[in-house]
Amino acid sequence: MSAKIWILAAVAATGLSACGDTVGERALYGAGAGVATAAVIDGNIGAGAIAGAAANVAYCEAYPSRC
8 MSAKIWILAA
18 VAATGLSACG
28 DTVGERALYG
38 AGAGVATAAV
48 IDGNIGAGAI
58 AGAAANVAYC
68 EAYPSRC
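Numbering (the numbering used here), first residue to last: 8 to 74.
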(Lines of atoms letter the chains of each structure in order from A and count residues from 1; the text may use other names and numbers.)
(Lines give C-alpha, C1' and ligand atoms only; values in the text may rest on other atoms or scores of the structure.)
Protein backbone atom coordinates (compact mmCIF):
# COMPACT_ATOMS: atom_id res chain seq x y z
CA MET A 1 0.00 0.00 0.00
CA SER A 2 1.35 3.40 -0.90
CA ALA A 3 2.24 6.10 1.58
CA LYS A 4 -0.29 8.41 -0.06
CA ILE A 5 -3.18 6.16 0.98
CA TRP A 6 -1.89 5.92 4.56
CA ILE A 7 -1.54 9.71 4.77
CA LEU A 8 -5.05 10.18 3.38
CA ALA A 9 -6.43 7.70 5.90
CA ALA A 10 -4.68 9.45 8.80
CA VAL A 11 -5.99 12.85 7.70
CA ALA A 12 -9.51 11.46 7.35
CA ALA A 13 -9.41 9.87 10.78
CA THR A 14 -8.05 13.01 12.39
CA GLY A 15 -10.56 15.25 10.69
CA LEU A 16 -13.53 13.12 11.65
CA SER A 17 -12.53 12.30 15.19
CA ALA A 18 -12.80 14.25 18.44
CA CYS A 19 -16.36 15.44 17.81
CA GLY A 20 -19.52 15.08 19.83
CA ASP A 21 -20.92 16.31 23.10
CA THR A 22 -21.90 12.97 24.64
CA VAL A 23 -20.13 9.62 24.90
CA GLY A 24 -22.61 8.15 22.42
CA GLU A 25 -21.94 10.86 19.86
CA ARG A 26 -18.20 10.48 20.30
CA ALA A 27 -18.47 6.73 19.80
CA LEU A 28 -20.64 7.20 16.72
CA TYR A 29 -18.31 9.76 15.13
CA GLY A 30 -15.27 7.67 15.96
CA ALA A 31 -16.91 4.60 14.45
CA GLY A 32 -17.66 6.60 11.30
CA ALA A 33 -14.05 7.72 11.09
CA GLY A 34 -12.89 4.14 11.60
CA VAL A 35 -15.20 2.82 8.88
CA ALA A 36 -14.10 5.54 6.45
CA THR A 37 -10.45 4.88 7.17
CA ALA A 38 -10.87 1.11 6.80
CA ALA A 39 -12.64 1.62 3.49
CA VAL A 40 -9.85 3.85 2.19
CA ILE A 41 -7.09 1.43 3.15
CA ASP A 42 -9.18 -1.61 2.12
CA GLY A 43 -9.25 -2.94 5.67
CA ASN A 44 -11.83 -4.66 7.87
CA ILE A 45 -14.83 -2.33 8.21
CA GLY A 46 -16.06 -3.87 11.47
CA ALA A 47 -12.67 -3.65 13.12
CA GLY A 48 -12.33 -0.08 11.88
CA ALA A 49 -15.66 0.86 13.46
CA ILE A 50 -14.76 -0.69 16.80
CA ALA A 51 -11.26 0.77 16.87
CA GLY A 52 -12.46 4.21 15.79
CA ALA A 53 -15.22 4.33 18.40
CA ALA A 54 -12.93 3.19 21.20
CA ALA A 55 -10.13 5.53 20.19
CA ASN A 56 -12.36 8.59 19.92
CA VAL A 57 -14.06 7.99 23.26
CA ALA A 58 -10.71 7.35 24.96
CA TYR A 59 -9.18 10.46 23.41
CA CYS A 60 -12.05 12.70 24.46
CA GLU A 61 -12.04 11.28 27.98
CA ALA A 62 -8.29 11.93 28.26
CA TYR A 63 -8.39 15.40 26.66
CA PRO A 64 -11.89 16.84 27.17
CA SER A 65 -10.81 20.39 26.32
CA ARG A 66 -9.90 19.26 22.80
CA CYS A 67 -13.29 17.70 22.06
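From the three backbone atoms N, C-alpha and C, an ideal C-beta is built for every residue, glycine too.
Can the beta-carbon of A16 be found closer than 7 Å to that of V42?
In the sequence shown, residue 16 corresponds to position 9, counting from 1. In the sequence shown, residue 42 corresponds to position 35, counting from 1. No. Outside cutoff.
Enumerate, from N- to C-terminal direction, the unbroken alpha helix (DSSP H) stretches of 4 or more residues contained entirely within the stretch 23-73.
30-47 and 52-69
Nearest-angstrom Cα separation, counted from G39 out to R33:
Along the sequence shown, one-based indexing puts residue 33 at 26. Along the sequence shown, one-based indexing puts residue 39 at 32. Approximately 10 Å between the Cα atoms of the pair.
Distance between I14 and A62 (C-alpha atoms, nearest Å)
Locating residue 62 in the sequence shown gives position 55, counting from the first residue. Locating residue 14 in the sequence shown gives position 7, counting from the first residue. Computed Cα separation, rounded: 18 Å.
CB G37 to CB A60, shorter than 7 Å?
Your numbering for residue 37 matches position 30 in the sequence shown. Your numbering for residue 60 matches position 53 in the sequence shown. It is a contact, given that the beta carbons lie within the stated cut-off.
Check each candidate in I52, C67 and I12 and name the one with the smallest Cα separation from G31.
To locate residue 31, count along the sequence shown from 1; it is residue 24. The option with the nearest alpha carbon to G31 is C67.
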